[in-house]
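S.K.: Sequence lines, in order, name chains R and X. Numbering follows the UniProt record's numbering, with no gaps: position 196 of the first sequence is 196. Numbering follows the UniProt record's numbering, with no gaps: position 297 of the second sequence is 297.
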Amino acid sequence: MTFQIELDQINKYYGAYHALRDVSLQIPQGQFVALVGPSGCGKSTLLRTIAGLEGISDGRIEIAGRDVSTLAPRERDLAMVFQSYALYPHMTVRKNLTYSLRLKRRKAGEIDTAVEEIARITGLDGLLDRYPRELSGGQRQRVAMGRAIIRDPKAFLFDEPLSNLDAALRVHMRAEIRKLHNRLGATSVYVTHDQIEAMTMADHVVVLRAGRIEQQGAPLDLYDRPANRFVAGFIGSPAMNFVDGVVAGDGRSVQLDLAGAPVLRFAGQRPAGEPVCVGLRPEHLEVGAGRDINRLDLPVGMVERTGAASYVVSDTTPELMIAAPVRVADGARIAVSIAPENLHLFARAGEGLRLNT
Amino acid sequence: MLKFTNTFRDGVGFDTLLVGIALGYLVVFSAFPLAYNLLMSFQDVDLFSLTSFDRPFVGWDNYREILSRPELLPILWNTVKFVGISVIAQLSLGFAIAMFFQLDFPFNTWLRGLFLAGWIMPALVVGAVWSWVLAGDFGVLNHVLSELGLIRANIFWLSDPDVALYSIIFANIWLGVPFNMILLSVGLAGIPEDVYEAAEMDGATRIQRFFTITLPMMRAQLGAVISLGVIFTLQQFDLFAALTQGGPANSSNVFQYWSWQLAFQNYEIGLGSVISVLMIGFVIAVAFVYVRSTRYEQES
Ligand SMILES: Nc1ncnc2c1ncn2[C@@H]1O[C@H](COP(=O)(O)OP(=O)(O)OP(=O)(O)O)[C@@H](O)[C@H]1O
Ligand SMILES: [Mg+2]
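#1: Contact defined as beta carbons within less than 8 Å: I believe X:Ile191 pairs with X:Ile213. What is the distance between those atoms, to the nearest angstrom?
#2: Can you tell me whether DSSP reads X:Asn253 as helix, strand or coil?
#3: Is the segment 156-174 of chain X touching the segment 240-247 of chain X in the sense that three or more CB pairs, one from each, lie closer than 8 Å?
#4: Are X:Val58 and X:Phe48 touching if we call contact CB-CB under 8 Å?
#5: Just the Cα atoms here: how many angstroms apart are X:Gly176 and X:Glu65?
#6: If you measure from the beta carbon of X:Pro33 to each beta carbon in chain R, is any gap under 8 Å?
#7: Thinking just about the alpha-carbon of each residue, which of R:Pro28, R:Arg147 and R:Glu341 is nearest to the one in R:Arg225?
#8: When the Cα of R:Glu283 is compared with those of R:Pro238, R:Arg270 and R:Thr317, which residue comes out closest?
#9: So, under 8 Å CB-CB, R:Leu97 and R:Ile150 are touching, yes? Tell me the CB distance rounded to an integer number of Å.
#10: Closest by CA to X:Leu124, which one among X:Val225, X:Ala287, X:Leu278 and X:Asp238?
#11: What does R:Met80 touch in chain X if you count any residue whose Cβ is under 8 Å from its own?
#12: Give the single residue among R:Lys12, R:Tyr190 and R:Ala148 whose Cα lies nearest to the Cα of X:Gly203.
#13: First and last residue of the beta strand (DSSP E) that includes R:Ile121?
#14: Run down chain R in chain order and give the residues with a C-beta less than 9 Å from the C-beta of X:Ala204.
#15: For ligand 1, which residues count as neighbours when the test is a C-beta closer than 5 Å to any heavy atom?
#16: Hey, does X:Asp15 have any beta-carbon neighbour from chain R nearer than 8 Å?
#17: Along chain R, which residues have their Cβ under 9 Å away from the Cβ of residue 305 of chain X?
#18: Applying the 10 Å Cβ sphere with the 16-neighbour rule, what's the burial state of R:Ser39?
#19: Assign R:Glu134 to buried or exposed, taking buried as 16 or more other Cβ atoms, counted over all protein chains shown, within 10 Å of its Cβ.
#20: Please state whether DSSP places R:Lys12 in a helix, a strand or coil.
#21: What separation, rounded to the nearest whole angstrom, lies between the Cα atoms of X:Thr109 and X:Phe101?
#22: Should X:Glu193 be counted as a contact of ligand 2 given a C-beta to heavy atom distance under 7 Å?
#23: Give the secondary structure of X:Leu103 by DSSP, where H, G and I count as helix, E and B as strand, and everything else as coil.
#24: Relative to the C-alpha of R:Gln215, which candidate in R:Ser314, R:Asp152, R:Leu35 and R:Tyr88 has its C-alpha closest?
#25: Going along chain X, which residues have a C-beta under 8 Å from R:Ser84?
#26: Compute the Euclidean distance between the alpha carbons of R:Val33 and R:Asn241, then round it to the nearest angstrom.
#27: Within its chain, find whatever has a CB closer than 6 Å to the CB of R:Met199; leave out the 5 residues flanking it on each side and keep chain order.
#28: Report buried or exposed for R:Asn356, applying the criterion of at least 16 other Cβ atoms within 10 angstroms of its Cβ.
#29: Below 7 Å CB to CB, which residues in the same chain sit around R:Leu165 once its five sequence neighbours on both sides are set aside?
#30: Do you know offhand how far X:Pro122's Cα is from X:Arg152's?
#31: Within 8 Å of any Cβ in chain X, is that where the Cβ of R:Ala108 sits?
#32: The alpha helix (DSSP H) spanning X:Asn170 covers which residue range?
#33: Use the C-beta contact count for X:Ser92: other C-beta atoms within 10 angstroms, 16 or more gives buried, fewer gives exposed.
#34: Exposed or buried, X:Leu17, counting other C-beta atoms within 10 Å across all chains shown (16 or more means buried)?
#35: Can you list the alpha helix (DSSP H) stretches of 4 or more residues lying completely in the segment 184-249 of chain R, in chain order?
#36: Just to make sure I have the definition right: I need the residues of chain R whose C-beta is within less than 7 Å of the C-beta of X:Gln208. Which are they?
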């Protein structure tokens with residue numbers, strides 16, 4: 001099978017700084033891939049190396065089966081949407097949209113039909129004769145999208161395209177970009193530091209840290225089975241709780257380093273006495289669930305109420321966050337329980353690799 | 001007293017004072033000389049009547065006199081060449097160097113600073129230096145050229161009528177390039193890098209990026225640099241004074257120097273004024289173009 005975009009052992013240095021480390025990635029035609037990771041992890045760098053705006057120090061990039069590792073951006077036939085939009089300030093929306101077609105010396109009639117079509121898709125009709133500075137942020141965003149779509153490129157590259165929009169518009173555009181993707185069936189690589197954006201939009205999520213791919217897979221796979229502590233803490237909101245513990249004598253439960261040394265069952269088996277780090281998602285700590293085992297009785301510290309849910313922070317060391325659907329009073333104690341299959345065990349040493357199967 | 005200072009500072013008093021100072025300055029140092037110059041161009045002025053307003057009006061006589069001078073056309077042509085060649089060369093060299101300094105290389109800013117050296121030097125010093133460089137007998141340029149075997153006999157850069165004007169143009173270009181370079185550098189630095197990257201993704205070659213992104217986005221700066229270049233070049237006096245005094249036989253004379261010669265060497269002050277008035281008219285037209293080019297910088 002040939003992939004639309006294939007990265008093979010990409011390495012990238014900025015001087016002595018090793019920005020990308022052995023990055024390999026295969027993106028089938030039509031897939032929507034999100035690159036996530038904390039700030040400075042190399043997401044933009046990776047995207048820009050695919051685009052050809054940055055050279056690579058080592059490795060191989062193929063687009064639609066063709067080796068483009070050393071080709072200039074314009075020979076790769078990819079379209080990019082920049083975080084800053086990077087519209088041409090001295091051109092009207094129409095000129096912005098048609099720039100690539102005019103460079104290719106397409107016929108005027110052909111260009112006009114293309115513009116009409118794109119304006120309709122992106123909701124820009126009526127704005128075609130405005131200059132970028134006369135547009136709102138959301139409208140500029142659409143122009144940037146339209147400019148990419150009109151070219152019918154081999155793939156779309158997005159670098160945090162929504163980060164300059166307000167929260168409501170961001171949610172709206174998120175859905176729109178995904179709809180557009182479904183409709184065009186084009187391959188997309190989407191950089192974001194917002195894991196919710198990645199989880200909701202992408203077919204395939206790639207988690208980067210310090211220039212290295214930590215894990216990649218379908219969004220729910222990453223959520224259900226994070227490969228290490230880093231991914232576990234990064235994917236999911238609010239973030240997973242971590243408590244140190246030791247595997248008990250039966251090899252099927254773990255004793256937590258909390259007051260009262262509670263013991264929780266987990267799925268699978270580990271050697272007795274193994275030091276582990278236990279991950280508990282806030283939404284898996286069920287308040288007052290009628291479960292006989294895996295109960296925790298915790299003193300309530302702070303409570304944040306959003307209306308729909310209350311976030312309870314326990315008064316323990318370390319603190320545990322509980323996403324409770326009910327209203328909880330301050331100062332009281334709270335009884336929660338967790339299903340054994342929702343306990344994540346990670347090694348305490350090294351990278352914190354996942355231990356349970 | 002406190003009340004007075006307060007109303008003075010917060011009320012209209014202070015604003016009026018500030019406007020008054022600016023206006024006063026303009027009237028005394030700009031408007032009055034301009035008007036006085038215009039007035040003199042219609043009068044018969046000599047050394048003795050210079051300080052009195054009570055001078056015989058001669059109508060358009062001074063203008064007629066200037067237009068009938070045989071040297072008018074050659075000097076006009078010289079002025080056109082001087083301004084045209086200087087501005088075009090300053091602009092293209094300045095633009096090229098500004099683009100060069102956009103590249104990232106060691107000592108970039110340091111070198112760019114050096115370029116301003118010619119600009120910091122007093123005009124008289126610049127004139128003196130160029131007169132050494134261009135001197136016919138012992139000049140540096142002739143020495144270098146003959147050492148390189150490029151010329152056999154000395155070229156009389158400043159006293160050969162066919163060459164003198166171009167020597168001054170050359171010196172003037174050197175003088176104007178840093179200004180052009182700095183102004184255009186500022187403009188170039190104002191074009192965001194990602195706009196170029198977007199164009200690159202859209203398939204533009206380097207040359208296409210220059211013509212479709214750089215040039216149009218530099219419109220305002222180019223307009224400013226061209227208009228200011230024309231004005232500064234029309235003001236260029238020191239080089240003529242230091243190098244050729246307009247000679248030989250007016251072969252390197254231009255309006256601004258001729259005007260000075262008429263007024264302060266021949267004491268035909270009315271005639272000198274006529275030329276100033278004509279030049280002011282031209283400069284106003286250029287300034288108008290300049291103001292338009294900056295005001296409508298985003299349009300079209
Ligand atoms: N031109 C450069 N020269 C040197 N180092 C660079 C350069 N560009 C990026 N870096 C470094 O490479 C690393 C990755 O940068 P990159 O811009 O890819 O991060 P990112 O994941 O996109 O972060 P963010 O979410 O903040 O945009 C950073 O540590 C950055 O300092
Ligand atoms: Mg980035």
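Cβ coordinates follow ideal geometry from the N, Cα and C atoms, glycine included.
M.R.: Reading off the structure:
#1: That pair is a contact at about 7 Å.
#2: The answer is coil: DSSP assigns X:Asn253 none of H, G, I, E or B.
#3: Taking a cut-off of 8 Å for Cβ pairs, the segment 240-247 of chain X and the segment 156-174 of chain X touch, as three or more such pairs fall below it.
#4: No. Outside cutoff.
#5: Near 34 Å, if we compare the C-alpha coordinates of X:Glu65 and X:Gly176.
#6: No, X:Pro33 lies away from the interface with chain R (no Cβ there is under 8 Å from its Cβ).
#7: If we check each option's Cα against that of R:Arg225, R:Glu341 comes out closest.
#8: Checking every option, the nearest Cα to that of R:Glu283 belongs to R:Pro238.
#9: Between R:Leu97 and R:Ile150, the beta carbon gap of about 5 Å places them in contact (Cβ cut-off 8 Å).
#10: When each option's Cα is compared against that of X:Leu124, the closest is X:Asp238.
#11: Residues of chain X whose Cβ lies closer than 8 Å to the Cβ of R:Met80 are, in chain order, Glu197, Ala198 and Met201.
#12: That would be R:Ala148, whose Cα lies nearest to the Cα of X:Gly203.
#13: Taken as a continuous stretch (DSSP letters only), R:Ile121 belongs to no beta strand (DSSP E), being part of the alpha helix (DSSP H) at Ala108 to Thr122.
#14: The contact set of X:Ala204 on chain R, defined by CB atoms closer than 9 Å, consists of Arg74, Tyr99, Ser100 and Leu103 in chain order.
#15: For ligand 1, residues qualifying as neighbours are R:Tyr14, R:Ala19, R:Ser39, R:Gly40, R:Cys41, R:Gly42, R:Lys43, R:Ser44, R:Thr45 and R:His193, where qualification means a beta carbon closer than 5 Å to at least one of its heavy atoms (chain order).
#16: It does not; no Cβ of chain R falls within 8 Å.
#17: The displayed coordinates of chain X run from 1 to 300. Any statement about residue 305 of chain X would go beyond what the structure contains.
#18: Burial call: exposed.
#19: Counting Cβ neighbours within 10 Å, R:Glu134 comes out exposed, since fewer than 16 surround it.
#20: Note: R:Lys12 maps to strand in three-state DSSP.
#21: Distance between the alpha carbons of X:Thr109 and X:Phe101 is about 8 Å.
#22: Not one heavy atom of ligand 2 sits closer than 7 Å to the Cβ of X:Glu193.
#23: Correct three-state label for X:Leu103: coil.
#24: Answer by Cα proximity: R:Leu35.
#25: Going along chain X in sequence order, the residues near R:Ser84 (Cβ under 8 Å) are Pro192 and Asp194.
#26: Going by the C-alpha atoms only, they are around 27 Å apart.
#27: Excluding its 5 nearest sequence neighbours in each direction, R:Met199 has C-beta neighbours in its own chain below 6 Å: Pro219, listed in chain order.
#28: With 16 or more Cβ atoms within 10 Å of its Cβ, R:Asn356 is classed as buried.
#29: In its chain, beyond the 5 residues on either side, Gly137, Gly138, Gln141 and Met173 have a beta carbon closer than 7 Å to the beta carbon of R:Leu165.
#30: Going from the Cα of X:Pro122 to the Cα of X:Arg152 covers about 34 Å.
#31: False, the Cβ-Cβ gap to chain X never drops below 8 Å.
#32: Reading off the sequence shown, one finds Phe at residue 170 of chain X, where the question assumed Asn. Judged by DSSP secondary structure, X:Phe170 falls within the alpha helix (DSSP H) whose first and last residues are Ala164 to Ala189.
#33: Counting Cβ neighbours within 10 Å, X:Ser92 comes out exposed, since fewer than 16 surround it.
#34: X:Leu17 is exposed by the Cβ-count criterion.
#35: If we require 4 residues or more, the alpha helix (DSSP H) runs fully inside the segment 184-249 of chain R come out as 195-201, 219-224 and 229-234.
#36: Correct list: Leu103.
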